[in-house]
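Asks: Before we start, here is the structure in question, set down as structure tokens.
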Amino acid sequence: MHQTKTGILLANLGTPDAPTPGAVKRYLRQFLSDKRVVDTSRLLWWPLLRGVILPIRSPRVAKLYQSVWMEEGSPLMVYSRRQQQALAARLPDTPVALGMSYGSPSLASAVDDLLAQGVEHIVVLPLYPQYSCSTVAAVWDELARILAKKRAIPGISFIRDYAEHPDYIHALAASVRASFAVHGEPDLLLLSYHGIPQRYANQGDDYPQRCRDTTRELVSALGLPPERVMMTFQSRFGREPWLTPYTDETLKMLGEKGTKHIQVLCPGVCRRLSRNAGRNRRPEPGNIPRSRRQAI
1 MHQTKTGILL ANLGTPDAPT PGAVKRYLRQ FLSDKRVVDT SRLLWWPLLR GVILPIRSPR
61 VAKLYQSVWM EEGSPLMVYS RRQQQALAAR LPDTPVALGM SYGSPSLASA VDDLLAQGVE
121 HIVVLPLYPQ YSCSTVAAVW DELARILAKK RAIPGISFIR DYAEHPDYIH ALAASVRASF
181 AVHGEPDLLL LSYHGIPQRY ANQGDDYPQR CRDTTRELVS ALGLPPERVM MTFQSRFGRE
241 PWLTPYTDET LKMLGEKGTK HIQVLCPGVC RRLSRNAGRN RRPEPGNIPR SRRQAI
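Here the sequence shown stands for residues 1 to 296, where the numbers follow UniProt numbering.
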């Protein structure tokens with residue numbers, strides 16, 4: 001009986017090839033051209049993107065990348081490669097490929113790599129714990145475009161998300177406990193998730209609920225009183241309303257209220273995201289609580 005050869009495709013967002021304005025511009029052009037990310041009318045969006053956003057933001061974002069760039073490359077790429085290598089070591093008989101929605105290595109090259117190794121069934125794991133149309137669905141769309149060009153397509157198992165998976169919750173809880181052991185228990189544990197436009201949620205994206213599901217399970221695993229945990233959203237872009245409460249505004253508010261010690265966990269980050277580094281600007285100096293940012 002023929003035994004189907006299975007491979008694993010780890011899908012991530014992507015990163016510029018270098019911390020330079022030119023490389024960042026190429027990356028942002030591809031990223032912000034995806035209608036899953038920005039669904040504004042193309043007639044309105046293209047002139048704004050090409051004439052204003054890319055020329056202005058590319059040099060600024062390049063400086064942020066320069067501040068976090070590692071000797072081996074972009075933090076997102078470095079940690080994603082390490083995850084790929086660790087999984088391959090755990091599953092030596094299963095090919096494991098890494099592909100990015102934007103930039104390189106592309107999802108197309110990852111699929112081709114697996115097929116070249118004789119893989120007949122691909123398990124696709126987007127590295128986003130909570131589903132969103134702007135992340136997980138973007139992987140699905142690109143995968144469909146890739147396979148539409150193939151005469152013979154492999155079997156596909158697509159993991160939508162793992163917001164409540166016991167192992168994921170256990171990893172989050174272990175990360176929090178490790179931080180508490182080093183820094184002491186805070187007055188407040190702030191769970192900061194990446195935001196999306198509120199409009200996306202209004203139109204059916206269940207990302208906010210999946211974030212709430214993760215928060216509920218993590219609070220239960222930690223045994224913390226609900227009043228000592230707060231859920232916020234970061235990294236808003238543009239002028240339209242995004243999911244609230246906003247992380248930066250919440251930190252200012254807590255400082256003004258006299259909260260002294262906060263620890264911040266980003267449960268939606270299963271690897272260090274260089275695109276978030278520096279984006280969440282610190283509040284103006286003043287009564288800002290002491291905080292610790294912990295990433296798993």
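Here a beta-carbon is modelled for each residue, glycine too, at the ideal position from N, C-alpha and C.
1) Measuring CB atoms only, is the stretch 191–208 touching the stretch 116–131, in the sense that at least three cross pairs come out at less than 8 Å?
2) From residue 223 to residue 101, what does the alpha carbon distance come to, in whole angstroms?
3) Let me make sure I understand the geometry here. Which of 257, 209 and 123 has the alpha-carbon closest to that of residue 188?
4) Suppose you measure from the CA of residue 86 to the CA of residue 94; what does that come to, to the nearest Å?
5) Can you list, in chain order, the residues of its chain whose CB lies under 7 Å from that of residue 300, leaving out five sequence neighbours each side?
6) Can you tell me the Cβ-Cβ gap for residue 97 and residue 7, rounded? I've got them flagged as a contact below 8 Å.
7) Which residue or residues does DSSP assign as beta-bridge partners of residue 69?
8) So, for residue 267: in the same chain, excluding its five sequence neighbours on each side, which residues have a beta-carbon less than 6 Å away from its beta-carbon?
9) Could you say which of 116, 140 and 109 lies nearest to residue 124 if we only look at CA atoms?
10) What does the alpha-carbon distance come out to for the pair residue 38 and residue 242?
11) Might you give, ordered along the chain, the residues of its own chain that have their beta carbon closer than 7 Å to the beta carbon of residue 217, omitting 5 neighbours on each side?
12) So what does residue 246 bridge to, in DSSP terms?
13) Do you know offhand how far residue 255's Cα is from residue 262's?
14) Of all the beta strand (DSSP E) runs that stay within the bounds of the stretch 183–227, which reach a length of 3 or more residues?
15) Rounded to the nearest angstrom, what separates residue 58 and residue 21 at their Cα positions?
16) Specify, as a first and last residue, the run of the alpha helix (DSSP H) that residue 80 falls within.
17) Would you check if the stretch 9–18 and the stretch 65–77 touch, i.e. whether three or more CB-CB distances between them fall below 8 Å?
18) If you draw a straight line from the alpha carbon of residue 153 to that of residue 147, how long is it in whole angstroms?
19) Please classify residue 30: does DSSP put it in a helix, a strand, or coil?
20) Can you find the residues in the same chain that come closer than 7 Å, C-beta to C-beta, to residue 88, ignoring five residues on each side of it along the sequence?
21) Within the continuous beta strand (DSSP E) that includes residue 126, where are the two ends?
22) So residue 120 packs on residue 4, CB below 8 Å; how close in whole Å?
23) Does residue 143 pass the burial test, meaning 16 or more other C-beta atoms within 10 Å, or should it be called exposed?
24) Which residues mark the beginning and the end of the beta strand (DSSP E) in which residue 153 is found?
25) Would you decide whether residue 238 is buried or exposed? Buried here means 16 or more other CB atoms lie within 10 Å of its CB.
26) By the 10 Å Cβ neighbour count, where 16 or more other Cβ atoms means buried, how is residue 51 classified, buried or exposed?
27) Please list the terminal residues of the continuous alpha helix (DSSP H) segment that includes residue 110.
28) Have a look at residue 113 and residue 2 and give me their C-alpha separation to the nearest angstrom.
Replies: In brief:
1) yes
2) Locating residue 223 in the sequence shown gives position 223, counting from the first residue. Locating residue 101 in the sequence shown gives position 101, counting from the first residue. Rounded to whole angstroms, residue 223 to residue 101 spans 37 Å at the Cα level.
3) Along the sequence shown, one-based indexing puts residue 188 at 188. Considering only alpha carbons, the answer is 257.
4) The residue labelled residue 86 in the question sits at position 86 within the sequence shown. The residue labelled residue 94 in the question sits at position 94 within the sequence shown. C-alpha separation (whole angstroms): 12 Å.
5) Because residue 300 is not part of the residues shown, which for the chain are 1 to 296, the question remains open.
6) Residue numbering aside, residue 97 sits at position 97 when the sequence shown is read from its first letter. Residue numbering aside, residue 7 sits at position 7 when the sequence shown is read from its first letter. Under the criterion of beta carbons closer than 8 Å, residue 97 and residue 7 qualify as touching, at roughly 7 Å.
7) Translated into the one-based positions of the sequence shown, residue 69 becomes position 69. Note: residue 69 sits in no beta bridge, so no partner.
8) Here residue 267 corresponds to residue number 267 of the sequence shown, with the count starting at 1. Contacts found: 172, 191 and 214.
9) Start at 1 with the first residue of the sequence shown, and residue 124 comes out as number 124. The candidate whose alpha carbon is nearest that of residue 124 is 140.
10) Along the sequence shown, one-based indexing puts residue 38 at 38. Along the sequence shown, one-based indexing puts residue 242 at 242. Cα to Cα, residue 38 sits roughly 13 Å from residue 242.
11) Here residue 217 corresponds to residue number 217 of the sequence shown, with the count starting at 1. Correct list, in chain order: 164 and 169.
12) Here residue 246 corresponds to residue number 246 of the sequence shown, with the count starting at 1. The partner list for residue 246 (beta bridge, DSSP) reads 233.
13) Position 255 of the sequence shown, counted from the start, is the residue given in the question as residue 255. Position 262 of the sequence shown, counted from the start, is the residue given in the question as residue 262. Residue 255 and residue 262: Cα-Cα distance of roughly 10 Å.
14) 188–194
15) Looking up residue 58 in the sequence shown gives position 58. Looking up residue 21 in the sequence shown gives position 21. Using only the alpha carbons, I get a separation of about 5 Å.
16) Here residue 80 corresponds to residue number 80 of the sequence shown, with the count starting at 1. Annotation: the continuous alpha helix (DSSP H) that includes residue 80 extends over 75–90.
17) Between the stretch 65–77 and the stretch 9–18, the count of C-beta pairs closer than 8 Å reaches three or more; the two stretches touch.
18) Working through the sequence shown from its first residue, we reach residue 153 at position 153. Working through the sequence shown from its first residue, we reach residue 147 at position 147. Answer to the nearest angstrom: the Cα atoms are 6 Å apart.
19) Along the sequence shown, one-based indexing puts residue 30 at 30. It is helical.
20) Sequence index remark: in the sequence shown, residue 88 carries index 88 (1-based). 96, listed in sequence order.
21) As a first step, residue 126 must be located in the sequence shown, where it is residue number 126. Looking at the DSSP string, the run of the beta strand (DSSP E) that includes residue 126 is 121–126.
22) Reading the sequence shown from its first residue, position 120 is the one you call residue 120. Reading the sequence shown from its first residue, position 4 is the one you call residue 4. Their Cβ separation, rounded to whole angstroms, is 5 Å, which keeps residue 120 and residue 4 in contact under 8 Å.
23) Working through the sequence shown from its first residue, we reach residue 143 at position 143. Label assigned to residue 143: buried.
24) Within the sequence shown, residue 153 is the residue found at index 153, counting from 1. Element bounds for residue 153: n/a, residue is neither H nor E.
25) Locating residue 238 in the sequence shown gives position 238, where the first residue counts as 1. Looking at its Cβ environment, which holds fewer than 16 other Cβ atoms inside 10 Å, residue 238 is exposed.
26) The sequence position of residue 51 within the sequence shown is 51, counting from 1. Counting Cβ neighbours within 10 Å, residue 51 comes out exposed, since fewer than 16 surround it.
27) Walking along the sequence shown from the start, residue 110 turns up at place 110. First-last of the alpha helix (DSSP H) with residue 110: 107–116.
28) Start at 1 with the first residue of the sequence shown, and residue 113 comes out as number 113. Start at 1 with the first residue of the sequence shown, and residue 2 comes out as number 2. When rounded, the distance between both Cα atoms is 22 Å.
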